[in-house]
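S.K.: This structure is in structure tokens; I'll ask about it shortly.
There are 2 protein chains.
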Amino acid sequence: MIDEKLLSKLYPFWDKLTPPHKAEMAANTVLRTYEPGEIVHGGGQECTGVLGVISGRLRTFMLSDEGKEITLFRLIDGDNCMLSASCMIKNISFDVHVSAEVKTEVAIINPAIYDKIAKKSPHAEGFMNDIISMRFSEVMWVIEQLLFMKMDKRLAIFLLEQSALDDSDTITLTHEQIAGHLGTAREVVSRVLKYLANEGYVSVSRKGITILNRKGLSKMAE
Amino acid sequence: MIDEKLLSKLYPFWDKLTPPHKAEMAANTVLRTYEPGEIVHGGGQECTGVLGVISGRLRTFMLSDEGKEITLFRLIDGDNCMLSASCMIKNISFDVHVSAEVKTEVAIINPAIYDKIAKKSPHAEGFMNDIISMRFSEVMWVIEQLLFMKMDKRLAIFLLEQSALDDSDTITLTHEQIAGHLGTAREVVSRVLKYLANEGYVSVSRKGITILNRKGLSKMAE
């Protein structure tokens with residue numbers, strides 16, 4: 437059985453649950469560690485469960501039949517994913533993929549149990565709905581970028597976000613990987629990176645993309 | 437005061453409300469009729485309210501600072517929009533625009549009153565969350581089309597949908613208007629329409645776009 441303290445950190449409604457609900461949720465949560473690149477959820481119709489990130493980083497993305505992809509949002513310590521438990525959410529008819537970006541420890545709550553408790557506890561249900569609205573907002577931001585922003589701005593935003601996530605000036609992703617995040621082709625990323633390098637914002641080398649002029653890049657991302 | 441029968445048709449949870457809640461909701465709902473093209477919601481930070489379509493058709497769309505747009509979903513008789521009342525929804529940080537496509541009669545519930553009643557009635561709250569999840573699914577479908585589908589397929593899907601909405605083989609929208617729905621440029625729509633006309637799927641004339649080969653167009657939309 438999972439340590440209840442861990443769940444109380446991940447779920448703000450924990451203290452509002454009854455002792456039997458706490459025990460049931462803890463008994464139906466498993467801990468799993470994923471290696472970088474490993475698939476956590478997706479592909480089929482399966483309903484993995486509610487994911488709570490204990491440490492590491494998950495990426496939630498859409499994948500087309502032809503292998504084209506785009507990142508919808510990322511989850512770090514303390515973040516939750518409900519879309520991996522869409523079987524318990526009325527009207528959610530799409531499926532997303534979730535993979536580990538680094539070594540990631542995840543608490544996975546059985547979706548039937550979360551659903552059962554949410555039906556009894558307005559706090560657990562409210563939390564689920566708040567998370568769904570938050571993801572909806574994040575996805576709207578993806579559409580906004582896709583549709584209304586030029587690729588140089590989108591790449592500037594992405595590099596700054598990635599630098600913050602990695603806590604490093606150097607981003608060690610390939611052009612192919614960045615293209616997957618942004619839902620575009622590798623050639624497009626390479627071309628725009630060349631432009632950013634020409635402008636002196638970044639340097640591109642074998643070890644990765646290094647931000648040289650953070651201020652300039654931030655201005656571009658505005 | 438609005439006729440309660442109208443609200444009972446729009447809101448499936450109506451019978452579950454207490455008589456005082458019913459009276460309060462009815463007293464805080466206004467009926468408005470919008471002319472084709474009229475803006476129902478959007479632009480600023482205002483929170484118009486929960487929209488229930490009595491008759492006609494509304495279009496919900498995103499609009500960039502530069503005037504670029506894309507249709508997210510449409511609302512017909514009996515449909516509801518909660519995003520026009522986003523002030524009452526935690527974590528919804530984006531704003532959408534809503535306009536009338538034809539003469540449309542709408543019941544607008546004061547968002548503070550809906551919010552207050554939803555906090556007391558799990559049925560009213562559940563309905564709100566179900567609608568939000570439904571719109572989230574519709575928006576994911578927009579991303580999927582934007583990202584993963586070629587324009588000929590997207591246009592075929594749009595023409596078939598529009599033909600169903602108008603209950604007519606002829607679509608009387610301009611190329612510019614279609615471009616606005618699909619988040620693309622007029623030139624792209626004209627080029628793809630020319631291709632569809634060359635293939636014999638549609639004919640394009642001054643009075644509009646007429647579907648000539650519905651079977652072929654449907655196959656293209658698959």
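Which chain is which? The protein sequence lines are A and B, in order.
In our numbering, each residue's number is its place in the first sequence (first place is 1) plus 436.
In our numbering, each residue's number is its place in the second sequence (first place is 1) plus 436.
Ideal placement from N, C-alpha and C gives every residue a C-beta, glycine not left out.
Considering only DSSP beta bridges, list what A/Phe497 is partnered with.
M.R.: A/Thr507 and A/His533
S.K.: Are there 16 or more other CB atoms within 10 angstroms of the CB of A/Val466, so buried, or fewer, so exposed?
M.R.: exposed
S.K.: Note down the Cα distance separating B/His611 from A/Glu474, rounded to an integer number of angstroms.
M.R.: Taking the straight line joining both Cα atoms gives about 45 Å.
S.K.: Just grab the DSSP bridge partners of B/His477 for me.
M.R.: B/Val534
S.K.: A/Ile438 and A/Met518 look like a contact to me (Cβ under 8 Å); what is the Cβ gap, rounded to whole Å?
M.R.: With 8 Å as the limit, A/Ile438 and A/Met518 do not qualify as a contact, their Cβ atoms being about 19 Å apart.
S.K.: For A/Thr620 and A/Tyr631, what's the separation of their Cα atoms in angstroms?
M.R.: 16 Å
S.K.: Consider the Cβ of B/Pro448: report whether some Cβ of chain A lies at a distance smaller than 9 Å.
M.R.: no
S.K.: Check whether the Cβ of A/Ser444 sits closer than 8 Å to any heavy atom of the ligand GTP, and report yes or no.
M.R.: The ligand GTP is absent from the structure shown, which contains no ligand whatsoever.
S.K.: Measuring CB atoms only, is the region 641-654 of chain A touching the region 509-524 of chain B, in the sense that at least three cross pairs come out at less than 8 Å?
M.R.: Using a C-beta cut-off of 8 Å, the region 641-654 of chain A makes no contact with the region 509-524 of chain B, since fewer than three inter-stretch Cβ pairs fall below that distance.
S.K.: If B/Ser388 sits next to B/Leu442, beta carbons under 8 Å apart, how far is it from one beta carbon to the other, in whole angstroms?
M.R.: In this structure chain B extends from 437 to 658, so residue 388 of chain B is not present and cannot be described.
S.K.: Within the same chain, show all residues whose beta-carbon is closer than 7 Å to that of A/Thr646, passing over the 5 residues directly before and after it, in chain order.
M.R.: Asp605, Thr606, Val638 and Ser639
S.K.: With distance defined between alpha-carbon atoms, name the residue in A/Val628, A/Cys523, A/Tyr470 and A/Leu618 nearest to A/Val538.
M.R.: A/Tyr470
S.K.: Using 8 Å as the threshold, is the region 526-545 of chain A in touch with the region 475-490 of chain A, meaning 3 or more CB pairs across them?
M.R.: Taking 8 Å as the limit for Cβ pairs, the verdict is that the region 475-490 of chain A does touch the region 526-545 of chain A.
S.K.: Determine the DSSP secondary structure at A/Leu446, reduced to helix, strand or coil.
M.R.: In the displayed model, A/Leu446 falls within a helix according to three-state DSSP.
S.K.: For B/Val578, which option in B/Pro455, B/Lys504, B/Leu487 and B/Leu618 has the closest C-alpha, if you only look at C-alpha atoms?
M.R.: Closest by alpha carbon: B/Leu618.
S.K.: Output needed for A/Tyr550: all residues of its chain with C-beta closer than 6 Å, excluding positions within five of it in sequence on either side, in chain order.
M.R.: Val486
S.K.: In angstroms, rounded to a whole number, what distance separates the CA positions of B/Ser520 and A/Trp450?
M.R.: B/Ser520 and A/Trp450 have their C-alpha atoms some 32 Å from each other.
S.K.: If we cut at 9 Å on Cβ distances, does B/Asp566 have a partner in chain A?
M.R.: yes
S.K.: Given that a residue counts as buried once 16 or more other Cβ atoms are within 10 Å of its Cβ, and exposed if not, what is A/Ala600?
M.R.: exposed
S.K.: Does DSSP put B/Glu541 in a helix, a strand or coil?
M.R.: strand
S.K.: So B/Gly619 contacts chain A; which residues on that side make the cut at Cβ distance below 8 Å?
M.R.: By Cβ distance, chain A contributes Leu583.
S.K.: When DSSP builds the beta bridges, which residues end up paired with A/Cys517?
M.R.: A/Leu487
S.K.: Can you list, in chain order, the stretches of the beta strand (DSSP E) that have 3 or more residues and sit fully within the region 571-615 of chain B?
M.R.: Counting only runs of 3 or more, we get nothing.
S.K.: How about A/Ser535 and A/Leu508: do their beta carbons lie closer than 9 Å?
M.R.: No, the Cβ-Cβ distance between A/Ser535 and A/Leu508 is not below 9 Å.
S.K.: Give the secondary structure of B/Arg627 by DSSP, where H, G and I count as helix, E and B as strand, and everything else as coil.
M.R.: B/Arg627 falls in the helix class under three-state DSSP.
S.K.: By how many angstroms is the C-alpha of A/Asn565 removed from the C-alpha of A/Asn527?
M.R.: 13 Å
S.K.: Taking the CB atoms as reference points, tell me whether B/Leu446 and B/Gly492 lie closer together than 9 Å.
M.R.: no
S.K.: Report all residues from its chain with a CB closer than 8 Å to the CB of B/Val628; omit the five preceding and five following residues, and keep chain order.
M.R.: Met587, Asp588 and Leu591
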